[in-house]
Amino acid sequence: MVLFRGRQHESVITHRFRSVRARFAFSADNEMYTARVFANAERAVDLFHALAGHLPPAVDVHVWDVRSNQRWSGTALALADARDAFARLRTPLSIFAGVEFTLVGPDDQLSLSASLEVHVHARSDRWYYLLVGTGLLPGDPLPPRTWRLAPHEFPPAQEMQGALDRAIQRLGLTSE
């Protein structure tokens with residue numbers, strides 16, 4: 023006996039509630055290539071971690087906690103250490119957001135914004151192919167999200183703060 027069956031066919035219901043396919047917009051301007059990824063929070067955080075593996079072995083790391091308006095940075099850090107520290111932040115980040123995490127190499131910059139948007143700035147178009155390789159679909163740019171929170175609007179998140187403090191300490195980042 024089915025209690026909650028409506029008049030719509032199952033295929034219509036499945037179509038309505040299917041997950042949105044992640045995609046990206048790619049542009050070039052004066053030999054500077056830019057990509058902006060449109061995905062849900064968990065996918066954006068996972069993509070950032072996966073894409074970071076394509077950076078050089080040593081990167082500069084910049085972190086901004088918008089809740090406290092604190093910034094940290096470190097130069098020439100091992101990429102493996104930066105990815106490990108970020109991996110430990112993945113769950114709290116996807117739940118609470120509010121932290122901008124940027125990895126910078128000589129020719130590439132990979133950022134996860136406080137609103138969990140992935141941005142890539144590079145001197146080559148290789149990121150287009152890397153993004154397609156992750157299953158993202160290229161598409162037209164969308165306007166910025168209208169729900170983006172101002173720094174003071176992010177609610178307190180004790181768990182996020184604790185995880186961030188551990189990551190900052192693990193990487194040995196210094197306050198700016």
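Residue 160 in my numbering sits at position 138 of the sequence shown; the count goes up by one each step and never skips.
Note that the Cβ used here is the ideal one computed from N, Cα and C, for glycine as well.
What you are looking at is a predicted structure, and each value in this text was computed from that prediction instead of being measured.
Given residue i, which residues of its chain have a CB within under 8 Å of its CB, disregarding the five upstream and five downstream residues?
i: residue 159; result: 43, 44, 45 and 46
i: residue 105; result: 71, 74 and 75
i: residue 161; result: 45, 46, 47 and 60
Keeping to the same chain, check which residues put their C-beta closer than 7 Å to that of residue i; ignore five residues upstream and five downstream.
i: residue 146; result: 55 and 129
i: residue 40; result: Because the pLDDT of residue 40 is 38, which lies under 50, any placement of that residue in the model is unreliable, and the question is left without a value.
i: residue 23; result: Bear in mind that a pLDDT of 45 at residue 23, under 50, signals an unreliable position, so the number given afterwards is only what the model happens to contain. Contacts found: none.
Looking only at its own chain, which residues have a Cβ that is under 6 Å from the Cβ of residue i, when we skip the five neighbours before and after it?
i: residue 101; result: 77, 79 and 81
i: residue 122; result: 86, 135 and 136
i: residue 179; result: 118
i: residue 133; result: 124 and 141
Would a C-beta distance cut-off of 7 Å place residue i and residue j closer than the cut-off?
i: residue 116; j: residue 64; result: yes
i: residue 59; j: residue 154; result: no
i: residue 95; j: residue 198; result: yes
i: residue 89; j: residue 120; result: yes
Below 8 Å on the Cβ atoms is my contact criterion, and I expect residue i with residue j to pass it. Report the Cβ-Cβ distance as a whole number of Å.
i: residue 149; j: residue 57; result: 5 Å
i: residue 189; j: residue 138; result: That pair is no contact at about 16 Å.
i: residue 186; j: residue 103; result: Not confirmed; about 16 Å, so no contact.
i: residue 13; j: residue 69; result: Residue 13 lies beyond the stretch modelled for the chain, which goes from 23 to 198, so this question has no answer here.
Residue range of the alpha helix (DSSP H) that residue i falls in?
i: residue 189; result: 180-193
Mind checking if residue i is an interface residue toward chain D, Cβ cutoff 7 Å exclusive?
i: residue 133; result: Judged by its chain identifiers, the structure shown contains no chain D, having just a single protein chain.
Q: Quick one: which unbroken beta strand (DSSP E) runs of 3-plus residues sit fully inside the stretch 116-154? Chain order, please.
A: Every beta strand (DSSP E) of 3 residues or more that sits fully in the stretch 116-154 is shown, in chain order, as 121-126, 130-134 and 140-144.
Q. Which runs of the alpha helix (DSSP H), 4 residues or longer, sit entirely within the stretch 33-90?
A. The stretch 33-90 contains these whole alpha helix (DSSP H) runs: 63-74.
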